[in-house]
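Novice: There's a structure below that I have some questions on.
In my numbering, the protein residues as written are 1 to 183.
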């Protein structure tokens, strides 16, 4: 009589241990599968930024939608082309945040020289964009630029600004910034 009681308890303990082993194995498999999904989603992750302006921005690891590219094109152009002697250094410093690290030193030296010259002359610049065009990793902003020195407009010309860009790890980087006069 006592033997059957102990045998039943032993069988119950063995079946409970087997149930725990199966549960543990199932949890390990589920955690492994979840890890695979997490690693996969890291490569396809997108961040949607809904700003206070119209539209939404969609940015992935190496690309972005047209609304974001347009906004960044206008923003970068504004930093470079709209300034006073008091704001030029701050604008250029903000612009340098978007420069490709490979060309950073060269661009920084050029901007510092330009800033010193504009400050020395007491020049201000105003740029009014007229149109924007897109190419393969290129933004072309066309507009009118005025240089003002001592309250007088010394230069009023139509400009074409070509911005070559790349999006690396979801960040907008300016690879090249070119200004040309349009006849």
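By construction, the Cβ of each residue, glycine as well, lies at the ideal position given by its N, Cα and C atoms.
Do you know how far the Cα of residue 77 is from the Cα of residue 62?
Specialist: On the chain shown, position 62 is the one that residue 62 refers to. On the chain shown, position 77 is the one that residue 77 refers to. One C-alpha to the other measures close to 22 angstroms.
Novice: So, for residue 65: in the same chain, excluding its five sequence neighbours on each side, which residues have a beta-carbon less than 6 angstroms away from its beta-carbon?
Specialist: The residue labelled residue 65 in the question sits at position 65 within the chain shown. The answer, listed in chain order, is 58.
Novice: Determine the DSSP secondary structure at residue 50, reduced to helix, strand or coil.
Specialist: For this step, residue 50 is matched to residue 50 along the chain shown. In this prediction, residue 50 has a pLDDT of 49, which is less than 50 and means its spatial position is unreliable; nothing more can be read from the coordinates.
Novice: My understanding is that residue 158 touches residue 182, with C-beta atoms under 8 angstroms, so please give their C-beta distance in whole angstroms.
Specialist: Sequence index remark: in the chain shown, residue 158 carries index 158 (1-based). Sequence index remark: in the chain shown, residue 182 carries index 182 (1-based). Confirmed, about 4 angstroms.
Novice: In terms of DSSP beta bridges, what is residue 141 paired with?
Specialist: Working through the chain shown from its first residue, we reach residue 141 at position 141. Residue 141 is bridged to 132 and 161.
Novice: With a threshold of 8 angstroms, are at least 3 pairs of Cβ atoms found where one atom belongs to the stretch 104-116 and the other to the stretch 126-136?
Specialist: With a cut-off of 8 angstroms, the stretch 126-136 and the stretch 104-116 do not count as touching, because too few Cβ pairs lie within range.
Novice: If you draw a straight line from the alpha carbon of residue 39 to that of residue 98, how long is it in whole angstroms?
Specialist: As a first step, residue 39 must be located in the chain shown, where it is residue number 39. As a first step, residue 98 must be located in the chain shown, where it is residue number 98. Answer to the nearest angstrom: the Cα atoms are 28 angstroms apart.
Novice: Does the distance from the C-beta atom of residue 89 to that of residue 115 stay below 8 angstroms?
Specialist: The residue given as residue 89 occupies position 89 in the chain shown. The residue given as residue 115 occupies position 115 in the chain shown. Cβ distance < 8 angstroms, so residue 89 and residue 115 count as in contact.
Novice: Nearest CA to the CA of residue 136: which residue from 70, 165, 25 and 8?
Specialist: Within the chain shown, residue 136 is the residue found at index 136, counting from 1. Among 70, 165, 25 and 8, the Cα nearest to that of residue 136 is on 165.
Novice: Checking 8 angstroms against the spacing of the C-beta atoms, do residue 149 and residue 139 come in under that value?
Specialist: Translated into the one-based positions of the chain shown, residue 149 becomes position 149. Translated into the one-based positions of the chain shown, residue 139 becomes position 139. Going by C-beta atoms, residue 149 is not nearer than 8 angstroms to residue 139.
Novice: Tell me, which residues are paired with residue 150 by DSSP?
Specialist: In the chain shown, residue 150 corresponds to position 150, counting from 1. Note: residue 150 sits in no beta bridge, so no partner.
Novice: What first and last residue would you give for the beta strand (DSSP E) that runs through residue 87?
Specialist: As a working note, residue 87 is residue 87 in the chain shown. From DSSP, residue 87 is part of no beta strand (DSSP E); its letter is neither H nor E.
Novice: Output the boundary residues of the alpha helix (DSSP H) element that contains residue 68.
Specialist: Along the chain shown, read from residue 1 onward, the residue named residue 68 stands at position 68. Element bounds for residue 68: 66-81.
Novice: Quick check: the Cα distance between residue 113 and residue 130, rounded to an integer number of angstroms?
Specialist: For the purposes of this step, residue 113 is identified with residue 113 of the chain shown, where counting begins at 1. For the purposes of this step, residue 130 is identified with residue 130 of the chain shown, where counting begins at 1. Taking the straight line from one Cα to the other gives about 28 angstroms.
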